[in-house]
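Heads up, the thing below is written out as structure tokens.
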Amino acid sequence: MKKFLILLIVTLLLLFIGAGSLYSQSPVGKWVDARYNITLILNGDFSYSLSHSNGTSRGMWSSGGNQFCLRDSSGTTPVCYTVISYSASAMVFRDTSGVLINYKKETGVQADSPPIKKRKVKGASRVIAEKGKYKLKHGHLRSGIDLTQFIIGLKIKDREVRALKQKLVEEFNSMPAQVMGQLESIGQSMDKVHNATDPVKIGQVRQQIFAALYKLTRHMNEEQKPLMIRVINRYIKVFAYDEANNLILTNRDVDGYINYMAFNSELAGQKILVTNAVRNSVTQQLVGSFVSMPLSQKQMLSSASLIWQLTEWNWKRLNNNQKIQYINAYRSQIVKNFRQTSQGAGYGQQYTPPKNTSGKSLSQMRAEFNAKQNMFTMMQNMNTNSHALSLNIIENIGGTGNYWEVTDY
Numbered sequence: 419m420k421k422f423l424i425l426l427i428v429t430l431l432l433l434f435i436g437a438g439s440l441y442s443q444s445p446v447g448k449w450v451d452a453r454y455n456i457t458l459i460l461n462g463d464f465s466y467s468l469s470h471s472n473g474t475s476r477g478m479w480s481s482g483g484n485q486f487c488l489r490d491s492s493g494t495t496p497v498c499y500t501v502i503s504y505s506a507s508a509m510v511f512r513d514t515s516g517v518l519i520n521y522k523k524e525t526g527v528q529a530d531s532p533p534i535k536k537r538k539v540k541g542a543s544r545v546i547a548e549k550g551k552y553k554l555k556h557g558h559l560r561s562g563i564d565l566t567q568f569i570i571g572l573k574i575k576d577r578e579v580r581a582l583k584q585k586l587v588e589e590f591n592s593m594p595a596q597v598m599g600q601l602e603s604i605g606q607s608m609d610k611v612h613n614a615t616d617p618v619k620i621g622q623v624r625q626q627i628f629a630a631l632y633k634l635t636r637h638m639n640e641e642q643k644p645l646m647i648r649v650i651n652r653y654i655k656v657f658a659y660d661e662a663n664n665l666i667l668t669n670r671d672v673d674g675y676i677n678y679m680a681f682n683s684e685l686a687g688q689k690i691l692v693t694n695a696v697r698n699s700v701t702q703q704l705v706g707s708f709v710s711m712p713l714s715q716k717q718m719l720s721s722a723s724l725i726w727q728l729t730e731w732n733w734k735r736l737n738n739n740q741k742i743q744y745i746n747a748y749r750s751q752i753v754k755n756f757r758q759t760s761q762g763a764g765y766g767q768q769y770t771p772p773k774n775t776s777g778k779s780l781s782q783m784r785a786e787f788n789a790k791q792n793m794f795t796m797m798q799n800m801n802t803n804s805h806a807l808s809l810n811i812i813e814n815i816g817g818t819g820n821y822w823e824v825t826d827y
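Heads up: the sequence shown begins at 419 in the numbering used here, then just goes up one per residue.
Here it is as structure tokens:
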């Protein structure tokens with residue numbers, strides 16, 4: 419079987435694994451804490467109803483990492499809990515005051531679960547090739563293009579679409595049944611991915627797919643690689659690869675991380691100078707330490723381009739009053755949890771100038787040093803909880819936490 423088809427099969431399997439992980443052990447259902455007489459019903463459309471001794475609440479629920487949040491329909495600030503443990507039948511939350519809530523799931527109670535929405539593709543039924551009883555349609559092509567653009571995170575060029583179409587027709591004419599089956603399954607799997615909204619989970623699925631494709635083709639000469647891989651490689655450069663955890667560090671995620679950390683540092687009241695020298699230095703340090711980083715940091719870093727894309731889009735969308743709201747909420751709910759010292763910029767790290775100044779002034783070198791220290795300190799203190807809470811805050815004041823609302827492909 420040709421390399422192109424082998425890669426499609428591997429991609430398909432990963433899509434099913436990845437898309438499944440977005441929905442596995444779903445919290446949808448009825449949960450009860452008998453000790454506090456709390457009943458929580460979580461629906462598949464992310465709505466909830468909560469009843470307890472002090473009253474009732476209705477609104478929307480969200481989760482990310484080990485953070486679980488309830489946002490009342492009245493528009494108040496989301497109430498977030500730390501998830502201590504979770505399984506299909508029990509989950510333990512800790513609120514901000516340290517109280518543990520032990521939920522047990524009631525069996526036989528089904529909450530509303532919306533069907534997977536199938537994406538509409540213009541001209542999907544148009545036939546582009548025929549072989550015997552099989553018809554290759556435009557919708558099949560778009561499934562392959564969708565997968566390619568999902569991995570890249572950008573819309574590809576028209577000439578690349580035409581080249582992929584030509585290659586797909588060649589493969590179809592050679593093995594029509596196999597190609598049709600694979601593309602139809604990929605289309606179904608991509609529908610599942612598009613129905614997910616959590617950017618961290620979406621980023622993890624993308625990582626699984628791209629890392630597997632990279633592992634399969636990294637030792638090939640570029641001209642020998644399947645066309646889809648060559649197109650992807652035009653947009654993404656792999657800086658580091660953690661084979662044990664199936665994680666890749668790319669140029670786009672490094673850029674996203676630097677932008678995201680610089681943005682958050684400024685929100686925290688410590689604007690940092692991001693020069694080309696800072697970017698190069700941070701990049702080198704991330705590449706050198708990626709494999710040995712804690713897993714949670716690697717997972718966050720591997721989704722950084724996606725997280726930054728969503729954050730930047732939301733920020734530009736907010737008006738001045740909403741931006742002030744976001745900054746105040748960010749500082750009160752996230753910055754207070756950072757492990758900082760009182761030393762100001764650099765988070766207390768003492769600056770020692772290097773022997774070779776390369777013609778830079780002492781103040782410039784100190785600013786660059788502080789920028790790098792701030793970024794790495796923030797990364798150590800930020801986790802998926804911080805990202806989930808940040809997105810909940812911005813969504814509550816007029817933004818969106820849905821990654822697919824901000825993409826242009």
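In this text, a Cβ means the ideal position worked out from N, Cα and C, and glycines have one as well.
Could you compute how far the alpha carbon of residue i sits from the alpha carbon of residue j?
i, j, result
"V545", "K538", "16 Å"
"I690", "Q606", "44 Å"
"K420", "A547", "Confidence is the limiting factor: at K420 the pLDDT is only 46, short of 50, which leaves the residue's position unreliable, though a coordinate-based value still follows. Distance between the alpha carbons of K420 and A547: 19 Å."
"I569", "A695", "29 Å"
"H612", "S515", "36 Å"
"A630", "R512", "36 Å"
"P771", "I666", "Note on P771: pLDDT 43, under 50, position unreliable in the model; no value is reported."
"M608", "K540", "16 Å"
"G572", "G621", "The displayed chain sequence assigns Leu, not Gly, to residue 572. In a straight line, the C-alpha of L572 is about 14 Å away from that of G621."
"L736", "G816", "7 Å"
"W822", "Q642", "33 Å"
"Q767", "I812", "Any reading at Q767 is ruled out, since the residue's pLDDT is 41, under 50, leaving its predicted position unreliable."
"S714", "F708", "11 Å"
"P445", "A452", "18 Å"
"H637", "V705", "20 Å"
"L488", "P496", "5 Å"
"Q625", "D616", "14 Å"
"G438", "N739", "Unreliable positioning characterises G438 in this predicted model, as indicated by a pLDDT of 47, which lies under 50. The coordinate reading is nonetheless provided below. Going from the Cα of G438 to the Cα of N739 covers about 40 Å."
"R560", "R749", "43 Å"
"L440", "F464", "In this prediction, L440 has a pLDDT of 45, which is less than 50 and means its spatial position is unreliable; what the coordinates show is noted afterwards. Approximately 14 Å, taken between the alpha carbons."
"T818", "L460", "20 Å"
"A506", "V450", "13 Å"
"L719", "G562", "27 Å"
Figure out for me which residue from the options has the closest Cα to the Cα of residue i.
i, options, result
"N472", "L460, N682, N455", "N455"
"Q751", "C498, G447, G819", "C498"
"M711", "T615, N663, Y466, Y748", "N663"
"Y678", "D576, W726, Q791", "W726"
"R580", "N591, M593, H556", "H556"
"S481", "N820, V824, D826, T825", "N820"
"L685", "L704, E602, S808", "S808"
"N591", "H470, K551, W822", "K551"
"Y744", "Q622, N810, P445", "N810"
"V824", "S492, A542, E589, T729", "T729"
"I650", "D826, H470, T635, S467", "T635"
"I654", "M646, N639, V692", "M646"
"A542", "E602, S699, V692, D576", "E602"
"K741", "Y632, A658, N814, P594", "N814"
"F628", "R577, M598, T615, D660", "D660"
"Y632", "G447, M598, V656, R560", "V656"
"S492", "N746, W449, F681, S467", "S467"
"F681", "N484, N732, R652, S720", "N732"
"D564", "L719, I604, R697", "I604"
"T525", "E640, K448, V692, A747", "K448"
From the DSSP secondary-structure annotation, give me the bridge partner or partners of residue i.
i, result
"S480", "C487"
"H470", "G473"
"K522", "V450, A508"
"S721", "S721 is not bridged to any residue."
"V696", "DSSP lists no partner for V696."
"A658", "L667"
"I456", "D451"
"S465", "M478"
"Y499", "F486"
Within a Cβ cutoff of 7 Å, which residues of the same chain sit near residue i, ignoring the five residues on either side of it in sequence?
i, result
"A722", "D671, G674, Y675, Y678"
"Y827", "Q567, L572, K573"
"K716", "D660, N663, L665, F708"
"R697", "I676"
Keeping to the same chain, check which residues put their C-beta closer than 8 Å to that of residue i; ignore five residues upstream and five downstream.
i, result
"V510", "V501, I502, S503, Y504, L518, I519, N520, Y521"
"H470", "Y454, N455, I456, T457"
"A508", "N520, Y521, K522, K523"
Counting only the same chain and skipping the five closest in sequence on each side, list residues whose C-beta sits under 6 Å from that of residue i.
i, result
"D490", "S475, G477"
"K585", "L645"
"Y769", "Unreliable placement is indicated for Y769, whose pLDDT of 34 sits below 50; the coordinate value is still reported in the next sentence. Closer than 6 Å at Cβ, skipping near neighbours: R784, F787."
"L554", "I546, A547, F590"
"L724", "P617, G621"
"I435", "Its pLDDT being 45, under 50, I435 is placed unreliably by the model, and the measurement read from it follows with that caveat. Nothing listed; no residue qualifies."
"L597", "Reading the sequence as shown, one finds Val at residue 597 and not Leu. Counting only Cβ-Cβ distances below 6 Å, and skipping sequence neighbours, we find E589, F590."
Q | alpha helix (DSSP H) runs contained entirely in the stretch 541 to 609, provided each spans 4 or more residues | A | 556 to 570, 576 to 592
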